[in-house]
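Protein chains in written order, with our numbering: chain A, 1 to 170; chain B, 1001 to 1170.
Number of protein chains: 2
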Amino acid sequence: MAGPTPTTSAPRTASALFLREPEIRRGIELLYFGYSHLTRSIDGELAAHGLGRAHHRALYFVARSPGLSVSDLLALLAITKQSLGRVLGDLTSRGFVEIRVGQRDRRQRLLHLTTEGAALEAQLFDGLRERLSAAYAQAGQGAVSGFWAVLEALVPVAERARIEALGSMR
Amino acid sequence: MAGPTPTTSAPRTASALFLREPEIRRGIELLYFGYSHLTRSIDGELAAHGLGRAHHRALYFVARSPGLSVSDLLALLAITKQSLGRVLGDLTSRGFVEIRVGQRDRRQRLLHLTTEGAALEAQLFDGLRERLSAAYAQAGQGAVSGFWAVLEALVPVAERARIEALGSMR
DNA sequence: GCGTTGGGCCAGCCATGTTGACCTGTTTTG
DNA sequence: CAAAACAGGTCAACATGGCTGGCCCAACGC
């Protein structure tokens, strides 16, 4: 459906609606503001531990998929080895993340949260849950599936599998 | 799909549903990946003009609300005067943004796009529109209002007015 | 045994955010 | 009208979190 042609005579298959500028601008703006407010909401807690958002993203995915490898995490975060190295170094030196050598493949470093790491992640997650569940409740149940559907459609098909697999790596 | 109640017989105040961890994690992850992919999609075009994402955000809001003041823009972006100053300096020196002294209040600097600025913004907007309208089409019309509703609910009430006003400043 | 892979690390750079202080005009207000 | 409040600009210094390119080691697979 990529090309719902902005042509005039178009059959108004509703797809025409989706091309109208106001709807696009509204999406861009809400996505920006919604994302900003949610992420900003935990900056304080992070700073209290001397961490930033980059640390949280890593912490989050390690919590989500315990035992994932460094390259798994690199693919999720879409940053360079260097950048991740710094973040991961901070997290391990502060005792939040533990690195174990892979059993099948001893080149791999598998990432796990320590008890303290799990506690921190849970605390940060609580902050996000509070805000997001309030938003879900306010928007209504039907809205949530729409919210997911649009966002998922924004992710290139090639990437979606990685997201689906998140819960079930181990 | 859409996770309609995996619950068995629960009194569906629905609110209980929204508190379940999987739904929250899915929201966090899709919001992160969706936002990331959309914003990354125009990095190339921006870089071709020597600009970054910060420049785009300013350019976007000036396009959206022509004639807005520096402090209006500061409030939208939620950054400091310093940071905005640099970005705005780049945009004006490259001829994308024009600064006019306010008529009612001569302390104000009102921001407008130049012809080149408008052309650039339109080009960048096209990139975003392409992706977002494809996502809207793929998710379906009903999904879009849910997408908006959840995101809007993520924005603190005090901020919502600012967003609603976007189209109609001038 | 050799090429590939997973990972670490160095040095250096860039973009974008921050603070705090201070200055200039302009508007508002007592 | 004088003083205070406001809009905006600017300086210096610093933090975060990206990036490149290169080089290295250990382990795996053929």
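Positions of the beta carbon are idealized from the N, C-alpha and C atoms, including for glycine.
Does the beta carbon of residue i sit closer than 8 Å to a beta carbon anywhere in chain B?
i	result
L31 of chain A	yes
R12 of chain A	Any reading at R12 of chain A is ruled out, since the residue's pLDDT is 41, under 50, leaving its predicted position unreliable.
G85 of chain A	no
L199 of chain A	Since the first and last residues shown for chain A are 1 and 170, residue 199 of chain A lies out of range.
G127 of chain A	no
H37 of chain A	yes
A149 of chain A	yes
G102 of chain A	no
S171 of chain A	Past the boundaries of the shown model lies residue 171 of chain A; chain A is included only from 1 to 170, so the question cannot be answered.
G27 of chain A	yes
Using the Cα positions of residue i and residue j, report the straight-line distance between them to the nearest angstrom.
i	j	result
R40 of chain A	G34 of chain A	10 Å
I163 of chain A	V157 of chain A	10 Å
D90 of chain A	A48 of chain A	14 Å
A161 of chain A	L76 of chain A	11 Å
V176 of chain A	G1102 of chain B	In the structure as shown, chain A begins at 1 and stops at 170. Residue 176 of chain A is therefore absent and cannot be evaluated.
R1064 of chain B	G1027 of chain B	28 Å
E1116 of chain B	D1043 of chain B	18 Å
A1165 of chain B	E1159 of chain B	10 Å
L1046 of chain B	F1125 of chain B	11 Å
R25 of chain A	G1050 of chain B	24 Å
E21 of chain A	V1062 of chain B	16 Å
S1133 of chain B	G142 of chain A	21 Å
S93 of chain A	I1099 of chain B	49 Å
R1104 of chain B	P1066 of chain B	16 Å
I79 of chain A	E1152 of chain B	29 Å
Please confirm whether residue i has its beta-carbon closer than 8 Å to some beta-carbon of chain A.
i	result
S1065 of chain B	no
A1139 of chain B	yes
G1034 of chain B	yes
V1144 of chain B	yes
V1155 of chain B	yes
L1046 of chain B	no
V1062 of chain B	no
L1166 of chain B	yes
E1159 of chain B	yes
Give every residue of the same chain whose Cβ lies closer than 8 Å to the Cβ of residue i, excluding the five residues on either side of it in the sequence, and list them in chain order.
i	result
R1107 of chain B	none
S36 of chain A	none
L84 of chain A	A58, V70, L73, L74, L77
V97 of chain A	A58, L59, V62, L88, L91, L111, H112, L113, T114, G117
G1127 of chain B	S1041, I1042, E1045
Under 8 Å by Cβ, that's how I've got residue i and residue j pegged, so tell me the actual separation to the nearest angstrom.
i	j	result
V150 of chain A	A1135 of chain B	5 Å
L30 of chain A	W1148 of chain B	6 Å
G1146 of chain B	A139 of chain A	7 Å
R1129 of chain B	L1038 of chain B	That belief does not hold up - the Cβ atoms of R1129 of chain B and L1038 of chain B are roughly 11 Å apart, past 8 Å.
Which same chain residues end up closer than 6 Å to residue i when comparing Cβ atoms and leaving out the 5 residues on each side of it in sequence?
i	result
G1167 of chain B	none
V144 of chain A	Y136
Y32 of chain A	none
Whose C-beta lies closer than 7 Å to the C-beta of residue i among residues of the same chain, with five residues either side of it excluded?
i	result
G1095 of chain B	T1114, E1116
K81 of chain A	L74
G52 of chain A	L46
Original post:
For the stretch 1105-1113 of chain B against the stretch 1059-1070 of chain B, are there 3 or more C-beta pairs whose distance is under 8 Å?
Top reply: yes
Original post:
Is the stretch 1047-1063 of chain B touching the stretch 1117-1132 of chain B, taking contact as three or more C-beta pairs under 8 Å?
Top reply: yes
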